[in-house]
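Residue numbers (full-length UniProt numbering): 1 to 292.
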Amino acid sequence: MKGIILAGGLGTRLYPLTKSISKQLLPIYDKPMIYYSLSVLMLAGIREVLIITTSRDIQIFQDLLGDGSHLGMSFDYKVQEEPNGLAQAFIIGEDFIGSSSVALILGDNLFYGSDFGNKVYNSAKLTTGCKIFGCFVNDPKNYGVVEVDDSNNVTSIEEKPEEPKSSLAVPGLYFFDNKVVKIAKQVQPSKRGELEITSIIEAYMNSRDLKIEVLGRGLTWLDTGTHESLLEASNFVETVQKRQGLFIACLEEIAYRRGYINERDLYHIAQPICSTAYGQYLLDIVRKGGRL
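What follows is the structure, given as structure tokens:
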């Protein structure tokens, strides 16, 4: 399976922070926002990733992440000229996807939970159909909302409905088989003028190829698209890291623990930044033989 991070858009809700830079490059406590999305794909065992962003920001993302080889990964980059909807990611990424299945994650989502890595790792084994997650929220009108029956089958899905049928929101993480490219090309713009991801999910639902996993109380999902949620996410990461002494979304640690790089690679990454808390954290992993 390959992965796509959609890191485009104008970030208007975060103005003026986003006047000259992508919101996915803003800090969530001690790391750029995109680290949190990229870490999810890495936890899923996905090593080939396409980052879709704007023409203004693409060079900055390339400077930040490079080609991925230092992490045992492979990164490609493409431009989304206009924010025409999430479904457009599969059209832009058609050549990158090829004959593979694909995961899509939005660049402004943060997930945290003790078993979350296993959940996404198992989800990335998907070869047919579509898998989404469901999270209970207080403000479902701001999200795609699903309705499920007693057997946990999705019976309806709506994008930002005025009168939600449930409080079960779909976070910005999706797993699809290769049919998604063909389906995306058939999606018509919504009333908002966008190619909605919910239209793709609805197509899978109608063909009975849709699975949903409802995430329970043990998982935290934060959408960092507003000033308030940006601050909340930073405070959350700070609290967890200081309390546990374990970093969230540390890409180098994930690459090491997934076996993409070895101890020597990790040491060489950490050495130039050993004066920082981030560098010291990586060196501690090396010193303790991978145990923290």
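We put the CB at the ideal spot given by N, CA and C, even for glycine.
The model shown is predicted, which means the values in this text are computed figures rather than measured ones.
Would you check if the distance between the CB atom of residue i and the CB atom of residue j is smaller than 8 Å?
i: I132; j: I201; result: yes
i: residue 296; j: S101; result: For residue 296 there is no data in the structure shown, the boundaries of the chain being 1 and 292.
i: G129; j: Y204; result: yes
i: L219; j: F116; result: yes
i: I254; j: G72; result: no
i: I52; j: L106; result: no
i: V40; j: I58; result: no
i: C274; j: L283; result: yes
i: I91; j: K185; result: yes
i: V137; j: S167; result: yes
i: G144; j: R13; result: no
i: Y112; j: I248; result: yes
i: A87; j: V187; result: yes
i: T54; j: G85; result: no
i: L230; j: L26; result: yes
i: L10; j: P83; result: yes
Count the other CB atoms, across all protein chains shown, that sit within 10 Å of the CB of residue i; report buried if there are 16 or more and exposed otherwise.
i: E228; result: exposed
i: R217; result: exposed
i: S37; result: buried
i: D223; result: buried
i: A270; result: buried
i: residue 300; result: Past the edges of the chain, shown from 1 to 292, lies residue 300, and the structure says nothing about it.
i: K242; result: exposed
i: G172; result: buried
i: G289; result: exposed
i: L110; result: buried
i: E196; result: buried
i: G66; result: exposed
i: E158; result: buried
i: K31; result: buried
i: D63; result: exposed
i: Q24; result: buried
i: residue 362; result: The structure shown has nothing for residue 362, since the chain only spans 1 to 292.
i: T276; result: exposed
i: A104; result: The sequence given here places Leu at residue 104; Ala does not occur at that position. Burial call: buried.
i: D108; result: buried
i: G93; result: buried
Give me, in chain order, the residues of the same chain whose beta-carbon lies closer than 8 Å to that of residue i; leave out the 5 immediate sequence neighbours on both sides.
i: K141; result: K160, P161, E162, P164
i: N152; result: I212, V214
i: L251; result: Y35, L38, S39, M42, L71
Spatial neighbours of residue i within its chain, please: C-beta separation below 6 Å, excluding the five flanking residues on both sides.
i: G45; result: Y121, A124
i: R47; result: M73
i: I183; result: I200, A203
i: Y29; result: S234, V237, E238
i: F96; result: L50, D76
i: G279; result: A270, I273
i: Y256; result: L266
i: Y174; result: L104, I132
i: W221; result: F111, C135, P171
i: Y281; result: F247
Would you say the beta carbon of residue i is closer than 7 Å to some non-hydrogen atom of the ligand ADP?
i: G11; result: The ligand ADP is absent from the structure shown, which contains no ligands of any kind.
Which partner residues does residue i have in the DSSP bridge list?
i: I4; result: L50, L104
i: D223; result: N109
i: A169; result: C135, V145
i: K31; result: I28
i: E158; result: V145
i: V79; result: T53
i: F175; result: A103, K131
i: S74; result: E48
For residue i, I'd like the list of residues in its chain whose CB is within less than 7 Å of its CB, leaving aside the five on either flank, ordered along the chain.
i: T127; result: S101, D177
i: S99; result: N178
i: D149; result: T155
i: S69; result: none
i: P189; result: L195
Secondary structure, alpha helix (DSSP H): runs of 4+ residues fully inside the stretch 183-244 = 197-206, 227-244
Which residue spans inside the stretch 245-281 form an unbroken alpha helix (DSSP H) run of at least 4?
-> 251-257, 263-270
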